[in-house]
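Presented below is the structure to which this report refers.
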Amino acid sequence: MKFIIPIVVGAVIGYITNWFAIKMLFRPHYEQRIFGIRVPFTPGLIPKEKGRIAKSVGETVSAYLLSPEIIIDSISNDENNDKVKSWVEDNINKLKESNKSIRDLAENIVGEKYDYLSTTIEESITDFICSEIEKQAVRQRLMELSDKEAYCMVNEIEQDEKTLKEIIPADVVLKAKEYIEEHDEYITNGLRNIFEMPSIQIKVKESISEVVSQNVNRLITKLVSVELITDKIFAAIENYIYSPRINKDIVLIATTSIDKLLENKISTESLYRNISLIVHKNMDKFMNIPISHIIKDIDEATVSRIADFSKTIFETFTKNRLPYFVELLDISRVIEDEINKFDVAFAEEIIIEIANKELKAITWLGALLGGIMGILMPFLTMLSAS
269 MKFIIPIVVG
279 AVIGYITNWF
289 AIKMLFRPHY
299 EQRIFGIRVP
309 FTPGLIPKEK
319 GRIAKSVGET
329 VSAYLLSPEI
339 IIDSISNDEN
349 NDKVKSWVED
359 NINKLKESNK
369 SIRDLAENIV
379 GEKYDYLSTT
389 IEESITDFIC
399 SEIEKQAVRQ
409 RLMELSDKEA
419 YCMVNEIEQD
429 EKTLKEIIPA
439 DVVLKAKEYI
449 EEHDEYITNG
459 LRNIFEMPSI
469 QIKVKESISE
479 VVSQNVNRLI
489 TKLVSVELIT
499 DKIFAAIENY
509 IYSPRINKDI
519 VLIATTSIDK
529 LLENKISTES
539 LYRNISLIVH
549 KNMDKFMNIP
559 ISHIIKDIDE
569 ATVSRIADFS
579 KTIFETFTKN
589 RLPYFVELLD
599 ISRVIEDEIN
609 KFDVAFAEEI
619 IIEIANKELK
629 AITWLGALLG
639 GIMGILMPFL
649 TMLSAS
């Protein structure tokens, strides 16, 4: 008993001391006063230094865990680029098997604004075609061609397997680009109207949330919720869409897309069918055509080119535009603000959950050291007595 009691007492004291010291990191949560005098060591260390800790964590995370370079590298990599390409290919192949019409797809995307957008598109197409038909040379050429001659001309084009650039007159392409440049504000407003649709915003947020969930460290999502990061990125995109610079960007993207499209070679049946539909059917009939009927003849090579083009757009966006959005996000400030919003009890819960094993080890280490001191005390007493 002479040796056991000191060991037990030392272990208990060591355990309680370390346990109490760990508790003092978090508690009390708020400053305590007795007769107007502040009680020492209140509040606990973490509640007392919450603002400084929040700032330090925010700066550390933004510098080493979620720096703009890390975010861009995690999104703009070969794996994600290939995922975009695979997603485009998979969806095109699914559409080949789909029974939905173009109208169904459009209504699912734009919802209640379908009628407005449909009317606007019809008017724009009608105005453009009418302006071209008004040209005397074009009108006279159409009058000279019979249906048989038109078919032969199309067939000749098909046999030559020419690119769109070789088929479409240069002045028509120039006219289309000029139209885009002259109506950039009108096009931008149309895109903004689409972006304001609740269904579109939900789809955009879902896509952002998926990317964040797959690429952001789990520890970060405990400090800053996926929903908050999603909202911040969405707000950055929204700010960009309503910024004056977007007009020039849209014109550049549209004209570049036209140039790339003109380099594509077109198949035979597809050309005649599309011309036939445009010439002989009105917009309403066209919108009721099943999507699968339009893209069923698209071969794997064409699907691959479309997917590669989508991949290129994604790569260009992540390299040229994503840094702008990341800067707007200000990750350091977001994390700091969120930690400052945390209830102290919630912050304590997070830290204990993350470091529970280590904190218990520290507590039991105190018991071990106390027990060792308890073993040594009787020997030291005996030595001093002798």
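The numbering of the sequence shown is our numbering, which starts it at 269 and goes up by one.
Quick reminder that beta carbons are idealized off the backbone N, C-alpha and C, glycines included.
Quiz item: What is the rounded straight-line gap between the Cα of Trp287 and the Cα of Thr631?
Solution: 5 angstroms
Quiz prompt | Chain-order list of residues whose beta-carbon lies under 8 angstroms from that of Asp655 (same chain, five-residue window excluded) | solution = Outside the shown range of the chain (269 to 654) lies residue 655, about which nothing can therefore be said.
Self-check item: Range of the contiguous alpha helix (DSSP H) that encloses Leu459
Solution: 452-463
Self-check item: Beta carbon of Ile559 nearer than 9 angstroms to that of Leu385
Solution: no
Exercise. Check whether the stretch 580-587 touches the stretch 323-330, counting contact only when three or more Cβ pairs, one atom from each stretch, lie closer than 8 angstroms.
Key: no
Quiz item: Would Thr649 be called buried (16 or more neighbouring beta carbons within 10 Å of its own) or exposed?
Solution: exposed
Quiz item: So Phe582 is in the alpha helix (DSSP H); what residue range does that whole segment cover?
Solution: 568-588
Exercise. Specify whether the stretch 601-616 and the stretch 503-512 touch according to this definition: at least 3 beta carbon pairs, one from each stretch, less than 8 angstroms apart.
Key: no
Exercise. Look at the alpha carbon of Ile592 and the alpha carbon of Val571, and state the distance between them as a whole number of angstroms.
Key: Per the sequence shown, residue 592 should be read as Tyr rather than Ile. Their backbone Cα atoms lie some 31 angstroms apart in a straight line.
Exercise. Give me the Cβ distance between Val356 and Ala575, rounded to the nearest whole Å; I'm assuming they're in contact under 8 angstroms.
Key: 4 angstroms
Practice problem: Return the CA-CA distance between Lys553 and Leu590, expressed in angstroms with no decimal places. | Solution: 40 angstroms
Quiz prompt | Cα-Cα separation, Val594 to Ile305 | solution = 47 angstroms
Quiz prompt | Helix, strand or coil at Ile338 according to DSSP, with G and I counted as helix | solution = helix
Exercise. Measure the alpha-carbon distance for Asp567 versus Asn461 and round it to whole angstroms.
Key: 34 angstroms
Exercise. Please work out which residues of its chain come closer than 8 angstroms, Cβ to Cβ, to Lys292, disregarding the five sequence neighbours upstream and downstream, and give them in chain order.
Key: In the sequence as presented, Lys is not what sits at residue 292; that position holds Met. Only Phe309, Gly312, Leu313 meet the Cβ criterion.
Quiz item: Quick one: what does DSSP say Pro716 is sitting in, helix, strand or coil?
Solution: In the structure as shown, the chain begins at 269 and stops at 654. Residue 716 is therefore absent and cannot be evaluated.
Quiz item: On the three-state DSSP scale, how would you describe Ser652?
Solution: helix
Quiz item: With burial defined as no fewer than 16 other Cβ atoms inside 10 Å of the residue's Cβ, what is the status of Glu347: buried or exposed?
Solution: exposed
Quiz prompt | Opposing strand residues paired with Arg301 [DSSP bridges] | solution = Arg306
Quiz item: For Asn359, which of Ser652, Lys564, Met645 has the nearest alpha-carbon?
Solution: Lys564
Practice problem: Please check the pair Ile275 and Ile643, which I expect to be a contact at CB under 8 angstroms, by giving their CB distance rounded to whole angstroms. | Solution: 6 angstroms
Exercise. Answer yes or no: do Pro296 and Pro315 have a C-beta to C-beta separation smaller than 9 angstroms?
Key: yes
Quiz item: Could you give the C-beta distance for Ser652 and Ser330, rounded to a whole number, given that I count them as a contact under 8 angstroms?
Solution: Wrong, their Cβ atoms sit about 58 angstroms apart, outside the cutoff.
Quiz item: So, is Val480 buried or exposed, given that buried needs 16 or more other C-beta atoms within 10 angstroms?
Solution: buried
Quiz item: The alpha helix (DSSP H) spanning Tyr508 covers which residue range?
Solution: 494-509
Quiz prompt | Separation of Ile290 from Pro646, as counted between CA atoms | solution = 29 angstroms
Exercise. Have a look at Met278 and Glu604 and give me their C-alpha separation to the nearest angstrom.
Key: Rather than Met, the amino acid found at residue 278 in this sequence is Gly. Going from the Cα of Gly278 to the Cα of Glu604 covers about 42 angstroms.
Quiz item: With which residues is Ser369 paired in a DSSP beta bridge?
Solution: Pro558
Self-check item: Ser344 (DSSP reduced to helix, strand or coil)
Solution: coil
Quiz item: Ends of the alpha helix (DSSP H) at Gly282?
Solution: 272-294
Self-check item: C-alpha gap between Leu637 and Gly282, whole angstroms
Solution: 7 angstroms
Exercise. In the DSSP assignment, find the unbroken alpha helix (DSSP H) run with Lys520 in it and report its ends.
Key: The amino acid at residue 520 is misidentified as Lys; the sequence shows Leu. Looking at the DSSP string, the run of the alpha helix (DSSP H) that includes Leu520 is 514-530.
Quiz item: So, Phe294 versus Glu616, is the Cβ gap smaller than 9 angstroms?
Solution: yes
Quiz item: When you compare only the Cα positions, how much space is there between Pro466 and Val472?
Solution: 10 angstroms
Quiz item: For Glu317, which of Tyr298, Ile526, Thr523 has the nearest alpha-carbon?
Solution: Tyr298
Quiz item: Straight-line CA distance for Glu450 to Ile389?
Solution: 16 angstroms
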